[in-house]
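To get our numbering, take the position in the sequence shown, counting from 1, and add 42.
For every residue, glycine included, the Cβ atom is placed at its ideal position computed from N, Cα and C.
Bear in mind the structure is a predicted one, so any value in this text is a computation, not a measurement.
Here's the structure, in structure tokens; my notes come after.
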Amino acid sequence: MLEGKKVVLAYSGGLDTSVCVKWLEQQGATPYALYLDLGQGEPAGDVKAKALRIGAADALVRDARTEFVEEYVAPAIKANALYGGKYPLFTALGRPLIAKKLVEAAREVGATHIAHGSTGKGNDQVRFDVTTASIAPDLTVVAPVRDWNMSRPEEMAYAEEHGIPVPTTKESPYSVDQNLWGRSIEAGPLEDPDHEPTEDVFELTASPEDAPNEPRYVELGFEEGLPTTLDGEEYALVDLIADLNTIAGAHGVGRIDMIEDRLVGIKSREIYEAPAALTIVTAHKELETLTLTKDVLRFKAAVEQRYTELTYEGLWFTPLKSALDAFISETQKTVTGTVRLKLYKGNATVVGRTAPNALYNKDLATYDPNSTFDEAAAAGFIALWGLPARQWASVNGGTEQSPLPSKH
Ligand code: ARG
């Protein structure tokens, strides 16, 4: 069924996608490998050479870091996007971009099929398949690893049989996915949720115990919801994230250990490292508390929750996601200012914030006798505010235990 078809495969250089190249070739297809640099820190030249060696008709390499950061990470910052309140969604944000680039490459080489190396158990298959369906419904998506249902040892055996270098050495039992916004580590001993991750799991973060004894202060300057300066110096967002990963990571900031609800119904244990992401989102949220009204903050929290779910669940290119983007962007017009954080032994703690449009008014808030707040107005306000509560209690009884008479 793939005989004679051109197929563009999302290629990472890892075992799964390497096996896919060979498998596609064996089906009589012409496999094109597409490697996208999203800041995973691997030399693209090596990955390209490997794809060609295994049998790809061509290996395309694209540096997509700036597009990733500006089109995918930036909206996630504005949305304070943390799935389950913890995971900054870096993999989930990368997948729709990879799918988009696969479609572009398919158009370039005249392919009718695209392929990815996702298994049948994860969220990534959903993200690839649904994104492709949303933007290029004429293309067929192939997922060899899923359709094949090969176990890891079987894949390794297949790789060895076909002379594919096996990258996951037997000493490293982990499955890793990484881009500029974070790094995920799964599998091996981490599948026991009661097992504390050992230090060999981490690459971007120092252990808090080994982090410097002196705190490091960083000042992040935001403009309309996005960080533009670090310690007073102007930065492109892509460089700011890269530098902040190093700075915050050195202080052990950004380690996350969580049980996550996958879209396919499985609970999984995930370890993440996201030093820049956690620092930026912490600072961004803080600046919002200074510059947005109570109503906007409350309503936005509900929007953020839904936005995060849509992103996680592969619905990036959908009308609801676009509409929520429009709402969120509107809220960011006044989110300009600076936030000072203290990085110390695994924590990024906000210690100061300023904004030209700060809604905080010291004259109102101060306990000094010369405060401009009219305390005399408070009593009347409270009388009306509490009126429904008073009315309810007078009708139904005001006991502390149960406001309504019990039925029993
Ligand atoms: N659990 C995260 C997510 O679904 C990370 C997945 C990492 N993907 C991978 N193929 N290792 O977004």
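| Asked | Found |
| --- | --- |
| Unbroken beta strand (DSSP E) run spanning residue 258, endpoints | 258-265 |
| Boundaries (first-last residue) of the beta strand (DSSP E) holding residue 291 | That residue, residue 291, is in no beta strand (DSSP E); its alpha helix (DSSP H) goes 279-292. |
| At least 3 beta-carbon pairs within less than 8 Å: the stretch 67-78 vs the stretch 131-151 | yes |
| Sub-9 Å separation of residue 167 and residue 188 beta-carbons | yes |
| Among 225, 243, 224, nearest to residue 232 - alpha-carbon criterion | 243 |
| Euclidean distance between Cα positions of residue 123 and residue 418 | 42 Å |
| Check: residue 399 C-beta below 8 Å from any heavy atom of the ligand ARG | no |
| Proximity of residue 155 and residue 44 at Cβ, strictly below 9 Å | yes |
| Distance cut-off 8 Å: residue 249 Cβ against heavy atoms of the ligand ARG | no |
| Residue 404 classed as buried or exposed, judged by whether at least 16 other C-beta atoms fall within 10 angstroms | exposed |
| CA nearest to the CA of residue 260, picked from 389, 110, 107, 201 | 389 |
| Exposure of residue 358, with buried meaning 16 or more beta-carbon neighbours within 10 Å | buried |
| Proximity test, residue 164 beta-carbon vs the ligand ARG heavy atom, cut-off 8 Å | yes |
| Residue 299: CB within 8 Å of a non-hydrogen atom of the ligand ARG | no |
| Sheet register partners of residue 49 (DSSP bridge) | 73, 155 |
| Residue 218 CB to nearest heavy atom of the ligand ARG below 8 Å | yes |
| Span separating the alpha-carbon of residue 414 from that of residue 427 | 22 Å |
| Limits of the unbroken beta strand (DSSP E) element including residue 381 | 379-386 |
| Where residue 97 sits in the DSSP three-state scheme | coil |
| Pairwise C-alpha distance: residue 98 and residue 46 | 14 Å |
| Uninterrupted alpha helix (DSSP H) stretches inside the stretch 347-425 (no shorter than 4 residues) | 361-373, 404-407 |
| Spatial neighbours of residue 273 in its chain, beta-carbon cut-off 7 Å, leaving aside the 5 residues before and after | 260, 261 |
| Any non-hydrogen atom of the ligand ARG closer than 8 Å to residue 149 Cβ | no |
| The stretch 80-95 contacting the stretch 170-190, beta-carbon criterion three pairs below 8 Å | no |
| Anticipated Cβ contact below 8 Å, residue 342 with residue 373, distance rounded | 6 Å |
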